[in-house]
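Written below as structure tokens is the structure these notes are about.
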Amino acid sequence: MYIDTSSCRFPNTPMYFTSISSDAGHYLLVGVNAIYEPTKNGFIIRVHSTSNESADTLMAWSAQYKWNVYWFGFST
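If you're matching positions, the sequence shown starts at 1 in this note's numbering and goes up one per residue.
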């Protein structure tokens, strides 16, 4: 999942931090805190389930259980 941070107008690539919250099921996820390809304009997270659910199942759960990605970036 690509997280677009361009509206923050970071002057350089910040340190990003992430978490996911929801009504249920988010505790089955791994990879939430792993940041890939960070730039000043965004980054990627790759989320998987501990029970090896398919991508289609994870997408359905994300809507059903209202998963939300929270993030912040810190730039000096």
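All C-beta atoms, glycine included, are put in the ideal place defined by N, C-alpha and C. Everything numeric in this text was worked out from a predicted model, so none of it was measured.
In the DSSP assignment, find the unbroken alpha helix (DSSP H) run with residue i in it and report its ends.
i     : result
Met59 : 55 to 64
Have a look at the options and flag the residue whose alpha-carbon is nearest the alpha-carbon of residue i.
i     : options                    : result
Gln64 : Ser22, Glu37, Ile3         : Ser22
Asp4  : Thr39, Ser49, Thr50, His48 : Thr39
Tyr70 : Ser51, Ser7, Met59, Ser19  : Ser19
Pro11 : Thr50, Gly42, Val32        : Gly42
Thr13 : Leu58, Tyr36, Thr57, His26 : Tyr36
Can you round the beta-carbon distance between residue i and residue j to whole angstroms, since I take them to be within the 8 Å contact cut?
i     : j     : result
Gly73 : Met15 : 7 Å
Ala60 : Ile45 : Contact flag wrong, Cβ pair sits at about 19 Å.
Ser6  : Leu28 : Ser6 to Leu28, Cβ: 31 Å. No contact.
Is it buried or exposed, residue i, if we count other Cβ atoms within 10 angstroms and call 16 or more buried?
i     : result
Ser54 : exposed
Phe17 : exposed
Ser62 : buried
What are the boundary residues of the beta strand (DSSP E) that residue i is part of?
i     : result
Asp4  : 2 to 4
Pro38 : 36 to 39
Can you check DSSP and say which residues form a bridge with residue i?
i     : result
Ile20 : Val69
Phe74 : Met15
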